[in-house]
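Asks: Here it is, the structure, as structure tokens.
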Amino acid sequence: MRVGLFIFLLLPLGYLSAELFYFQSAIDPIKYIYTFTGVAGMVLLFVTTTISLIKRKINLVPYRRQIGLFAFFYAFLHLSNFIVLDAQFDMNFVIKESLDKPFIYLGMSAFFILLFMAVTSVPKWYAQYYSYHKAIYVVLLLVTIHFIMAQKSLSQAQYGYLFVIAIIAFFKLKQRVKF
496 MRVGLFIFLL LPLGYLSAEL FYFQSAIDPI KYIYTFTGVA GMVLLFVTTT
546 ISLIKRKINL VPYRRQIGLF AFFYAFLHLS NFIVLDAQFD MNFVIKESLD
596 KPFIYLGMSA FFILLFMAVT SVPKWYAQYY SYHKAIYVVL LLVTIHFIMA
646 QKSLSQAQYG YLFVIAIIAF FKLKQRVKF
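Plus 495 on top of the position in the sequence shown (first one is 1) and you've got the working numbering.
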């Protein structure tokens, strides 16, 4: 099951590669990579948070770590696109853009929280840092705001992300506090 999930979670990367290198249908490849990797990472983050909500119906908890690490992987590709393709390793540009554009600062903040969570997801450390992994909800909020600010307008998809965050928050609260 884990190997199948691994291959399934790599499908977005395969699709992105095919779209860019074989079909060459992207008008602005750097922006396309930004959007694609960002959305893939964000969707996987949403999936990891909903796993505990549906565990009574479908127990995917054993796979949550793997899905979360893939969310980090796509976030890493998203950040790498910024540093390698957009900034061309110019760290002064990266710092300047991060300070000048608040949405980049929010995205960087979310990435570093995810980095901490990825590093501490090792079973030995996870037990020690479990309570810090609740920061995933902060990350979801940060990446959603990051996405909205980057697009410079609210689209139907972004309203959908906000709605999903509200639903997840509602059910998480309902799970904790019995209504």
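Ideal Cβ placement from N, Cα and C applies to all residues, glycine included.
Quick check: the region 519 to 531 against the region 496 to 506, are at least 3 beta-carbon pairs closer than 8 Å?
Replies: They do not touch, by the three-pair rule.
Asks: Considering only the beta carbon of each residue, do threonine 543 and isoleucine 631 sit closer than 8 Å?
Replies: Taking the first residue of the sequence shown as 1, we reach residue 543 at position 48. Taking the first residue of the sequence shown as 1, we reach residue 631 at position 136. Yes, the Cβ-Cβ distance between threonine 543 and isoleucine 631 is below 8 Å.
Asks: Less than 8 Å between the CB atoms is what I'm expecting for tyrosine 558 and alanine 535, so what's the real figure, rounded?
Replies: In the sequence shown, the residue the question calls residue 558 occupies position 63. In the sequence shown, the residue the question calls residue 535 occupies position 40. Their Cβ separation, rounded to whole angstroms, is 17 Å, which puts tyrosine 558 and alanine 535 out of contact at 8 Å.
Asks: Taking the straight line between their C-alpha atoms, what separation do you get for leucine 601 and glutamine 561?
Replies: Position 106 of the sequence shown, counting from 1, holds the residue named residue 601. Position 66 of the sequence shown, counting from 1, holds the residue named residue 561. C-alpha separation (whole angstroms): 24 Å.
Asks: Should asparagine 677 go down as buried or exposed, given a rule of 16 or more other Cβ atoms within 10 Å for buried?
Replies: Nothing can be reported for residue 677: it is not among the residues displayed for the chain, which extend from 496 to 674.
Asks: Measuring CB to CB, does leucine 548 end up less than 8 Å from phenylalanine 666?
Replies: Your numbering for residue 548 matches position 53 in the sequence shown. Your numbering for residue 666 matches position 171 in the sequence shown. Cβ distance < 8 Å, so leucine 548 and phenylalanine 666 count as in contact.
Asks: Nearest to isoleucine 608 by CA position, among Ala566, Ser648 and Lys619, is which residue?
Replies: The sequence position of residue 608 within the sequence shown is 113, counting from 1. The shortest C-alpha separation from isoleucine 608 is found at Ala566.
Asks: Among Leu505, Phe541 and Asn554, which residue has its Cα nearest to the Cα of leucine 572?
Replies: Indexing the sequence shown from 1 puts residue 572 at position 77. With distances taken between Cα atoms, leucine 572 lies closest to Leu505.
Asks: What residue range is occupied by the uninterrupted alpha helix (DSSP H) comprising glutamine 561?
Replies: The residue labelled residue 561 in the question sits at position 66 within the sequence shown. Glutamine 561 -> alpha helix (DSSP H) spans 556 to 575.
Asks: Taking the alpha-carbon of proline 524 as reference, which of Lys629, Val634, Asp581 and Leu635 has the nearest alpha-carbon?
Replies: Stepping through the sequence shown from its first residue, residue 524 is reached at position 29. It is Asp581 whose Cα lies nearest to the Cα of proline 524.
Asks: Taking its Cβ as the centre, do 16 or more other Cβ atoms sit within 10 Å of phenylalanine 501, making it buried, or is it exposed?
Replies: On the sequence shown, position 6 is the one that residue 501 refers to. Exposed is the call here.
Asks: Apply the 10 Å Cβ neighbour rule to alanine 661 and answer buried if 16 or more other Cβ atoms are within range, or exposed otherwise.
Replies: Taking the sequence shown and counting its residues from 1, one reaches residue 661 at position 166. Alanine 661 is exposed by the Cβ-count criterion.
Asks: Mind checking leucine 668: buried by the 16 CB within 10 Å criterion, or exposed?
Replies: Here residue 668 refers to the residue found at position 173 of the sequence shown. Answer is exposed; the Cβ neighbour count stays below 16.
Asks: May I ask you to report which of helix, strand or coil DSSP gives aspartate 449?
Replies: The shown model of the chain, from 496 to 674, leaves out residue 449, and the question about it has no answer.
Asks: Any chance you could list the alpha helix (DSSP H) runs of at least 4 consecutive residues sitting entirely within the region 609 to 658, in chain order?
Replies: As far as the region 609 to 658 is concerned, its whole alpha helix (DSSP H) runs of at least 4 residues are 618 to 624 and 631 to 646.
Asks: What do you get for methionine 679, buried or exposed, if any count of 16 or more other CB atoms within 10 angstroms of its CB means buried?
Replies: The shown model of the chain, from 496 to 674, leaves out residue 679, and the question about it has no answer.
Asks: Out of Gly533, Arg551, Gly563 and Lys596, which has the shortest C-alpha to C-alpha gap to glutamine 670?
Replies: Your numbering for residue 670 matches position 175 in the sequence shown. It is Arg551.
Asks: Quick check on the burial criterion: 16 or more other C-beta atoms within 10 angstroms. Buried or exposed for tyrosine 654?
Replies: Counted from its first residue, the sequence shown places residue 654 at position 159. With fewer than 16 other Cβ atoms within 10 Å, it is exposed.
Asks: Could you pull the start and end residues of the alpha helix (DSSP H) that leucine 515 belongs to?
Replies: As a working note, residue 515 is residue 20 in the sequence shown. Note, leucine 515: premise wrong, no alpha helix (DSSP H); not H, not E.
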